[in-house]
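What follows is a short report on a single structure.
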Amino acid sequence: EREEIEREIADLEEAVPSITQDYKLIDRLGTGTFSSVYKALDLGYHEKWDNGVWHGLHPAASSAHYQSLPRQPGTKVFVAVKRIYVTSNPERIRNEISILETCRGARHVSQLITAFRQDDQVVAIMPYLPHEDFRLFYRTLPIAGIRTYFRCMFRALRDIHARGIIHRDVKPANFLFDPHRGVGTLVDLGLACRMGMDPPVHYGKCLHTGPTREHAHGRIRRAAEYNSDFVKRKQKDARMRSGWTSDRVGYLEKDTRPQSKANRAGTRGFRAPEVLLKCNEQTGAIDVWSAGMILLFFLSGKFPLFQSNDDVEALLELACIIGRRKMEITATLHSRTFTTNIPSITQEGKPWREFVETLNPKLREQPESALGPNPYSLNEASSGGGSYAPPPPSSSPGADTAIRETRLASPHVDDVQDHETGVEQALDLLERLLHPESIKRITPRQALYHPFLRESEG
Ligand code: ADP
Ligand code: MG
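Once you know that position 424 of the sequence shown is 553 in UniProt numbering, the rest is easy, because the numbers rise by one and skip nothing.
Here it is, written out as structure tokens:
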């Protein structure tokens with residue numbers, strides 16, 4: 130595999146030679162349908178500074194990013210280099226860069242350092258974000274860590290929604306979390322769109338991004354122009370190379386890749402009911418739903434959970450949990466009807482809490498790993514302690530006393546109470562995140578004030 134990575138790196142360096150002036154590519158971080166992401170060493174970034182003014186090669190570079198870095202010679206600074214494939218729709222590339230530009234300055238959201246192109250290649254440079262694979266920590270992260278995860282997540286969503294952006298592909302692979310430092314960042318704005326704009330009618334079609342309000346905004350207009358030349362000249366080229374016919378739909382028909390990958394307006398298992406119902410007025414609430422799905426993975430200890438092949442199947446999976454009545458109400462909200470003759474779909478369904486408890490009977494037990502040194506306990510004890518409801522009075526029978534005392538005597542007593550209270554609060558939040566009616570779903574701002582995430586005033 131290392132050989133393959135070396136080959137890819139050599140290929141990228143050949144395609145975009147100017148990259149080697151500034152960056153030394155060292156590893157591959159991820160590969161998707163529309164891009165590959167590499168880790169690179171930022172060569173001599175500090176040398177490009179003169180009296181606090183950036184003198185790098187790319188005037189579009191975010192000086193804010195560089196200003197935040199230590200400027201001692203010898204400091205190693207890593208970046209993520211996202212190579213967006215030429216087979217990707219040029220309009221999609223323009224959209225991603227333009228939206229990253231709009232998100233500049235939003236904490237917990239991936240930041241564009243610079244973007245450049247060489248012929249038909251587009252490369253975006255972003256700060257490197259140390260993180261761990263979700264599958265390695267979602268079953269063992271202590272409740273305080275889950276709290277930290279979602280504080281970062283909802284700050285990110287609150288801030289992009291305030292800028293009129295919907296992410297549309299919130300999932301663990303697009304939220305990079307470092308469980309050791311408790312830092313999470315929302316990445317991959319490749320599918321993001323601006324609220325109030327026509328969402329794509331069909332998932333297979335490319336993003337519709339016609340003239341929009343933000344074109345009036347100078348900085349964003351420049352970002353758009355940055356690529357428009359390239360778009361016009363290379364669109365034809367790219368189409369010929371990738372086998373595009375007259376439009377994206379034609380391309381997809383010929384596409385031999387798995388449908389779930391090509392079909393990227395959201396990822397299966399993460400689509401909100403209103404997306405599944407093909408509602409035309411989608412809002413930031415779809416991101417909140419996807420975040421709710423992630424909380425469901427944490428609490429149920431199962432990931433992935435929903436594996437439906439199409440939207441109708443996904444609606445049925447959902448109906449099996451929330452029941453016929455709620456599905457009907459939700460469908461009506463979006464001027465759709467929901468009917469089914471499947472007998473296992475009950476009228477009232479069950480609350481998410483109950484679903485979680487079925488999947489994870491050990492939900493309320495303190496996970497083993499959490500009894501070890503907890504990187505969050507310091508953090509949370511000082512910032513979150515005051516907001517918890519008092520722990521429920523102990524009703525343990527005698528046999529349990531010894532265990533209780535041991536725990537009480539141990540330094541982890543806070544963790545134990547934290548776990549019990551935290552799980553209850555998280556289950557309550559889950560219900561509000563996964564409200565099938567988008568208009569009743571909690572907003573990111575409200576979620577940050579929910580008892581599970583609220584930070585104490587004092
Ligand atoms: P795609 O559009 O192909 O999904 P992403 O932007 O989601 O591209 O990146 C793909 C993967 O690359 C991510 O899931 C993550 O593992 C890794 N990655 C992306 N950006 C960074 C970054 N800034 N730092 C570290 N790893 C990253
Ligand atoms: Mg991604």
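All C-beta atoms in this analysis are idealised placements derived from N, C-alpha and C, irrespective of residue type, glycine included.
Note that the structure is predicted; figures quoted are calculated from it, not measured.
Hey, would you say the C-beta of residue i is under 7 Å away from at least one heavy atom of the ligand ADP?
i           : result
residue 437 : no
residue 296 : no
residue 164 : yes
residue 419 : no
residue 255 : yes
residue 237 : no
residue 309 : no
residue 260 : yes
residue 316 : yes
residue 172 : no
residue 409 : no
residue 158 : yes
residue 141 : no
residue 405 : no
residue 562 : no
residue 241 : no
residue 154 : no
residue 229 : no
residue 582 : no
residue 305 : yes
Measuring from the CB of residue i, is there a heavy atom of the ligand MG at a distance below 7 Å?
i           : result
residue 273 : no
residue 161 : yes
residue 321 : no
residue 555 : no
residue 209 : no
residue 302 : yes
Looking at the unbroken beta strand (DSSP E) that takes in residue i, where does it start and where does it end?
i           : result
residue 243 : 243 to 247
residue 314 : 312 to 315
residue 250 : 250 to 256
residue 171 : 164 to 171
residue 209 : 207 to 213
residue 577 : Taken as a continuous stretch (DSSP letters only), residue 577 belongs to no beta strand (DSSP E), being part of the alpha helix (DSSP H) at 573 to 578.
residue 471 : Neither: residue 471 is in no beta strand (DSSP E) and is coded neither H nor E.
residue 304 : 304 to 307
residue 591 : Any answer about residue 591 is impossible in this case: the structure gives the chain only from 130 up to 587.
So residue i is in the alpha helix (DSSP H); what residue range does that whole segment cover?
i           : result
residue 145 : Unbroken run through residue 145: none, as it is neither H nor E.
residue 274 : 272 to 291
residue 263 : 263 to 266
residue 229 : 219 to 231
residue 487 : 481 to 488
Under a CB-based cut-off of 8 Å, is residue i close to chain D?
i           : result
residue 401 : This model lacks chain D altogether, as it is built from one protein chain only.
The segment 221 to 239 touching the segment 288 to 300, judged by at least three CB pairs closer than 8 Å: yes
Inter-stretch contact at 8 Å, needing at least 3 Cβ pairs: the segment 465 to 485 / the segment 438 to 457: yes
Cβ pair count under 8 Å reaching 3, the segment 434 to 444 against the segment 397 to 410: When Cβ pairs closer than 8 Å are counted between the two stretches, the segment 434 to 444 is seen to touch the segment 397 to 410, the count reaching three or more.
Beta strand (DSSP E) runs contained entirely in the segment 379 to 467, provided each spans 3 or more residues: none
Cβ pair count under 8 Å reaching 3, the segment 238 to 246 against the segment 541 to 557: Touching, no.
Segment contact flag, the segment 270 to 290 with the segment 205 to 221, C-beta cutoff 8 Å, min 3 pairs: no
The segment 294 to 314 contacting the segment 267 to 280, beta-carbon criterion three pairs below 8 Å: yes
Validate contact between the segment 548 to 560 and the segment 406 to 419 using beta carbons, cut 8 Å, 3 pairs: These segments do not touch.
contact_flag[the segment 552 to 560, the segment 421 to 430] where n(CB pairs < 8 Å) is 3 or more: yes
Stretch-stretch touch, CB-based, cutoff 8 Å, three pairs: the segment 166 to 173 with the segment 213 to 226: no
Stretch pair the segment 482 to 490 + the segment 466 to 474: three plus CB contacts closer than 8 Å: no
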